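See below for the structure under consideration.
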Amino acid sequence: MSLSLVRPTATELKPRIVVFGVGGAGGNAVNNMIDAGLEGVEFVVANTDAQHLSFAKTDRRIQLGETITQGLGAGAHPEVGMNAAEESADEIHAHLEGAHMVFITAGMGGGTGTGAAPIIAKCARDRGILTVGVVTKPFTFEGRHRMRLADAGIAELQRYVDTLIVIPNQNLFRVANERTTFADAFGMADQVLHSGVRSITDLMILPGLINLDFADVRAVMSEMGKAMMGTGEASGDDRALLAAQNAIANPLLDETSLKGAKAVLVNITGGLDMTLLEVDEAANAISAEVDGDANIIFGAAFDPALDGKIRVSVVATGMDEVGGVRAEPVSPPQSTYQDPRRAAPTAAAPTRAPEPARREPIRAEAAYRAPEPAPVVPTFQAPPPVARAPEPVIHVAEEPRALEPIIDPWVEEFEAAPARPAATAQDQGDLYMDSGAQAPREYDEPAYDDRDHRRSGWSLFGKKPRAQTAYAPVQQNPQRGQPQMRATAQPAPEPLQAEDDLEIPSFLRRLAN
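All residue numbers for the sequence shown refer to the numbering used here, where the first residue is 545 and numbers rise by one.
What follows is the structure, encoded as structure tokens:
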């Protein structure tokens, strides 16, 4: 009989944590965590784009949907990414074998991350693995369509994860400045995932005075919905308080508050110089922000690399959006629903029905009071003065004035003057001298008057024809400025000779005189 002595195999009783990067954004996050030197976790990358998958810094890679996509990507179609993940479900299960906790990181709004992340989360959930999702939402400038796809993908992913952390890329502008590069900005978003994973691994790797195990982590993060992870680090005076405040105030996360957290996991890590008062100060700063009914688990560990510094990591779960938990205060109205047992007193309420009848006369009074505004009408009659407005339209100025006839002074003068007697030839020659001894010579025709041209009826104001009238010999009136003619006895006219029949114009006579 032979005895065989076999050395028992040592089984490592240590939680296995896997970080699963899905799509392009998830692969970049994994590469950044590997570059940061994060230890204690395993990295897996899955993508439909073979070219991008080749840049992964881990050897554990999954080509999703080789038959469907042929390594060309999902083309921003979530259904393609979902079908590709279902095609590669067996390979996904193989990489999840033996894992206790899995972090699924992806960028929502595209094809692979939006469609494949929920399928991978479902595979992990079916195996009883504690699943935490850390995803990003697109920038505002990426458009509404991509944002709608992201929201739909987040809602689908939340159905299969225990805890979900959402990082809107738009929040990067809160911490970025003019000199922040595009790559550095995405590195800040990846830092949230890095801090959350490190806060869990520190509990299991580093020796602690107040020890926390994976069971505590599961109690805090299992089926808790939305969560918040933050890490703060500070040195110098008040380093514990500053580190706690930095851990709570994470500008990259959605608008959440520790007031609505149902469970909080706090890990305080420092060098050998960390004091008890500093631990108490950091713990109290966080407890003050949490509801009294929340489940708070504290842990403290030493890390020689943190000499002179203190790091505070916070994992708060069960975060409800504004109005989620505080909707419970609506319970007081529920107590009023329990009071309907007093339906009898409520029956007295119908007695209040006559009260409306009392309101009716009040309305009637109001009706009587309604005429009171009538006296106010005179105030509205004041506007009649506005009738002055027509005053500018006075037609008085437009009334046509009767135009008085314009009389030519020359015409008026000669019309008013009496008819002249027939002038004699002697008078024509003696207008400017006293010729009393000369007797006038009468002509058969009326003497020509040079002013007849001015009385021809034409004037500056129009033509006025005059009637031909016969002048009778009358006594001539004296005129101003001319010598008066003496009235003397004139001898009888002598008979005219034949040569006297010639009529000499008056102006020639004047020249002759």
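Virtual Cβ for every residue (Gly too), placed ideally from N, Cα, C.
All values derive from a computational prediction rather than experimental measurement.
Using only CA atoms, which one of the options lies nearest to residue i?
{"i": "Met-765", "options": "Gly-687, His-644, Ala-696 and Glu-583", "result": "His-644"}
{"i": "Glu-833", "options": "Phe-846, Gln-789 and Arg-855", "result": "Gln-789"}
{"i": "Leu-747", "options": "Gly-657, Val-856, Leu-786 and Asp-593", "result": "Val-856"}
{"i": "Met-818", "options": "Asp-706, His-639, Gln-702 and Pro-848", "result": "Pro-848"}
{"i": "Lys-853", "options": "Asn-627, Glu-635 and Leu-816", "result": "Leu-816"}
{"i": "Leu-640", "options": "Thr-680, Asn-572 and Arg-604", "result": "Arg-604"}
{"i": "Glu-777", "options": "Ser-743, Gly-769, Lys-806 and Ile-754", "result": "Ser-743"}
{"i": "Thr-775", "options": "Gln-714, Met-626, His-689 and Leu-809", "result": "Leu-809"}
{"i": "Ile-663", "options": "Arg-688, Glu-623 and Thr-684", "result": "Glu-623"}
{"i": "Thr-613", "options": "Ser-598, Phe-599 and Ala-594", "result": "Ala-594"}
{"i": "His-1061", "options": "Val-574, Asp-579, Val-761 and Leu-674", "result": "With the chain represented from 545 up to 1057, any question about residue 1061 goes unanswered, as that position is not in the structure."}
{"i": "Phe-846", "options": "Ala-791, Leu-820 and Ile-578", "result": "Leu-820"}
{"i": "Gly-804", "options": "Ala-600, Thr-861, Glu-631 and Pro-1049", "result": "Thr-861"}
{"i": "Ile-673", "options": "Arg-692, Thr-707 and Met-691", "result": "Thr-707"}
{"i": "Gln-702", "options": "Ala-791, Val-678 and Leu-753", "result": "Val-678"}
{"i": "Gly-625", "options": "Ile-754, Gly-568, Glu-583 and Met-691", "result": "Gly-568"}
Give the DSSP-derived three-state secondary structure of residue i in the structure shown.
{"i": "Arg-605", "result": "strand"}
{"i": "Ala-861", "result": "Checking the displayed sequence, the identity of residue 861 turns out to be Thr instead of Ala. Residue state, collapsed to three classes: strand."}
{"i": "Val-574", "result": "helix"}
{"i": "Ile-561", "result": "strand"}
{"i": "Ser-779", "result": "strand"}
{"i": "Gly-581", "result": "coil"}
{"i": "Ala-650", "result": "strand"}
{"i": "Val-588", "result": "strand"}
{"i": "Val-761", "result": "helix"}
{"i": "Ile-854", "result": "strand"}
{"i": "Ala-832", "result": "coil"}
{"i": "Pro-1049", "result": "coil"}
{"i": "Asn-755", "result": "coil"}
{"i": "Lys-666", "result": "helix"}
{"i": "Arg-1054", "result": "helix"}
{"i": "Asn-811", "result": "strand"}
{"i": "Val-719", "result": "coil"}
{"i": "Lys-803", "result": "helix"}
{"i": "Pro-905", "result": "Any reading at Pro-905 is ruled out, since the residue's pLDDT is 42, under 50, leaving its predicted position unreliable."}
{"i": "Ala-787", "result": "helix"}
{"i": "Pro-1077", "result": "Since the displayed the chain opens at 545 and closes at 1057, residue 1077 lies outside it and no answer follows."}
{"i": "Gly-659", "result": "helix"}
{"i": "Met-645", "result": "strand"}
{"i": "Val-705", "result": "coil"}
{"i": "Leu-816", "result": "coil"}
{"i": "Met-626", "result": "helix"}
{"i": "Met-691", "result": "helix"}
{"i": "Ala-620", "result": "coil"}
{"i": "Met-732", "result": "helix"}
{"i": "Ala-594", "result": "helix"}
{"i": "Met-773", "result": "strand"}
Am I right that residue i and residue j are in contact with their C-beta atoms under 8 Å? What's the rounded C-beta distance?
{"i": "Val-566", "j": "Ala-699", "result": "That pair is no contact at about 17 Å."}
{"i": "Ala-826", "j": "Ala-787", "result": "6 Å"}
{"i": "Ala-844", "j": "Val-823", "result": "6 Å"}
{"i": "Gly-617", "j": "Thr-592", "result": "5 Å"}
{"i": "Leu-850", "j": "Gly-814", "result": "5 Å"}
{"i": "His-689", "j": "Gly-655", "result": "That pair is no contact at about 13 Å."}
{"i": "Met-652", "j": "Thr-684", "result": "14 Å between Cβ atoms; not a contact."}
{"i": "Asp-760", "j": "Ile-830", "result": "Their Cβ separation, rounded to whole angstroms, is 16 Å, which puts Asp-760 and Ile-830 out of contact at 8 Å."}
State yes or no: is the C-beta of residue i within less than 8 Å of the C-beta of residue j?
{"i": "Thr-745", "j": "Val-646", "result": "no"}
{"i": "Met-732", "j": "Leu-796", "result": "yes"}
{"i": "Val-588", "j": "Thr-602", "result": "yes"}
{"i": "Val-705", "j": "Ala-763", "result": "no"}
{"i": "Gly-570", "j": "Gly-657", "result": "yes"}
{"i": "Ile-711", "j": "Val-736", "result": "yes"}
{"i": "Phe-730", "j": "Asn-572", "result": "yes"}
{"i": "Pro-682", "j": "Ala-696", "result": "no"}
{"i": "Asn-539", "j": "Gly-609", "result": "Residue 539 cannot be examined here, being either before or after the span of the chain that is shown, 545 to 1057."}
{"i": "Leu-756", "j": "Asn-713", "result": "no"}
{"i": "Ala-633", "j": "Ile-709", "result": "no"}
{"i": "Lys-806", "j": "Met-768", "result": "yes"}
{"i": "Ile-606", "j": "Ala-590", "result": "yes"}
{"i": "Arg-560", "j": "Gly-687", "result": "no"}
First and last residue of the beta strand (DSSP E) that includes residue i?
{"i": "Tyr-677", "result": "It is worth fixing the name first, because residue 677 is Gly in this sequence and not Tyr. Element bounds for Gly-677: 674-681."}
{"i": "Phe-842", "result": "839-846"}
Let's see if you can read the secondary structure: which residues bound the alpha helix (DSSP H) around residue i?
{"i": "Thr-613", "result": "610-613"}
{"i": "Ala-638", "result": "633-640"}
Any beta carbon of chain D sitting closer than 8 Å to that of residue i?
{"i": "Glu-583", "result": "You won't find chain D in this structure, because it holds only one protein chain."}
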